[in-house]
Amino acid sequence: MGSRYLNAPIRLAILEADTPVPGIRAKYQSYGGVFTHMFKRACASFSRPVTLESQLILSSYDIVNDPTAYPKPETIDAILITGAKYNAFDSDEWIERLVQFTKCCLEGGRIRVIGVCFGHQIIARALGAKLGRNTRGWEVSVVEHELTDEGKRFFGLEKMSIHQMHRDAVLSFPPGTVQLARTDKCDNQAMYIPGRMISVQGHPEFTEEMVREILDMRKYGGIVSDDIYQDGINRVANKQDGVAVAQAFLRFLHG
1 MGSRYLNAPI RLAILEADTP VPGIRAKYQS YGGVFTHMFK RACASFSRPV
51 TLESQLILSS YDIVNDPTAY PKPETIDAIL ITGAKYNAFD SDEWIERLVQ
101 FTKCCLEGGR IRVIGVCFGH QIIARALGAK LGRNTRGWEV SVVEHELTDE
151 GKRFFGLEKM SIHQMHRDAV LSFPPGTVQL ARTDKCDNQA MYIPGRMISV
201 QGHPEFTEEM VREILDMRKY GGIVSDDIYQ DGINRVANKQ DGVAVAQAFL
251 RFLHG
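In terms of UniProt numbering, the sequence shown is residues 1 to 255.
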């Protein structure tokens with residue numbers, strides 16, 4: 001890591017938009033714990049490893065169950081909006097509040113914004129993009145992405161594979177955003193505004209163990225079909241680049 005990573009750690013607030021499934025919850029407590037684990041692995045995997053504490057000061061907020069659980073803007077430098085089982089286009093009060101908070105962060109210009117899956121969709125909604133069910137269906141497990149030239153620069157990869165778990169999608173690119181990645185089932189896999197926000201439709205924080213449990217629960221809950229489940233299980237152990245994506249998030253936060 002270069003000298004730009006020697007500046008003060010970034011105060012990153014993780015906005016938890018869901019509660020993990022039981023096995024993940026037992027091991028990591030919350031999605032704040034899952035993302036802490038992701039960033040720890042990213043810090044340890046740089047060619048010159050760094051500590052998480054030197055890079056980030058993390059805090060977590062349960063924005064679904066506690067309507068007042070938002071950080072004061074002056075106490076943070078960035079937010080990360082997690083994934084969720086909910087629809088980002090719904091009009092639930094807590095979702096509307098999250099959209100407005102995200103919009104304020106984006107418009108203020110000082111607080112950087114990261115979105116993952118549901119968070120990616122919330123950012124798109126805050127920027128005026130259209131969301132909806134993906135007519136191409138579910139996208140699950142490890143999926144290879146096609147990167148744009150800007151995507152290759154941002155992620156430091158020629159091609160990228162990360163876990164997916166969604167059937168909703170961002171159906172357009174908001175004005176002023178740069179496309180970073182696409183897949184056969186979803187054109188807006190990652191979007192970027194330099195110095196302001198980065199969001200991905202996939203799940204760099206997920207591991208094989210996590211996705212196996214989620215797929216099992218969604219199969220036996222009747223949410224995904226046997227075919228989708230088996231296709232996902234067939235790819236769940238494939239090599240994936242979640243750590244590289246997390247490293248790109250860190251570069252973005254410190255850039």
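Note that beta-carbon positions come from the ideal geometry of N, C-alpha and C, so glycine has one too.
Computed from a predicted model, the values in this text were never measured in an experiment.
Contact check for I162 and D241: beta-carbon distance about 6 Å, within the 8 Å limit, so the pair qualifies.
Under the criterion of beta carbons closer than 8 Å, Y31 and T82 qualify as touching, at roughly 4 Å. When DSSP states are grouped into helix, strand and coil, V211 belongs to the helix group.
Counting C-beta pairs closer than 8 Å gives three or more between the region 11–21 and the region 56–68, which meets the contact rule. Note on D92: under 16 other CB atoms within 10 angstroms of its CB, so exposed under the neighbour-count rule. Secondary structure note for S45: its alpha helix (DSSP H) is the uninterrupted segment 31–45. In the three-state DSSP reduction, E150 falls in the helix class (H, G or I). The region 244–254 makes contact with the region 30–49; the number of CB pairs closer than 8 Å reaches 3 or more. In this structure, L12 places its C-beta atom within 7 Å of the C-beta atom of A78. Relative to the Cα of E150, the nearest Cα in the group K159, V142, E144, R212 belongs to K159.
Under DSSP, the beta-bridge partners assigned to E139 are H166. The beta-bridge partner set that DSSP reports for R11 consists of I57. In the DSSP assignment, the residues bridged to M160 are H145. R212 and I233 have their C-alpha atoms some 7 Å from each other. Pairwise C-beta distances place the region 50–61 out of contact with the region 90–109, as fewer than three of them are shorter than 8 Å. In the DSSP annotation of this structure, the continuous segment of the alpha helix (DSSP H) that includes I24 starts and ends at 22–28. Remark: three or more beta-carbon pairs, one from each stretch, lie closer than 8 Å, so the region 136–143 and the region 182–199 are flagged as touching.
Pairing Q179 with F173 gives a Cβ-Cβ distance under 7 Å. Secondary structure at G232: helix, using DSSP grouped into helix, strand and coil. For R112, no alpha helix (DSSP H) run applies; the uninterrupted beta strand (DSSP E) run containing it begins and ends at 112–116, by DSSP. Around the beta carbon of C105, 16 or more other beta carbons lie within 10 angstroms, which makes this residue buried.
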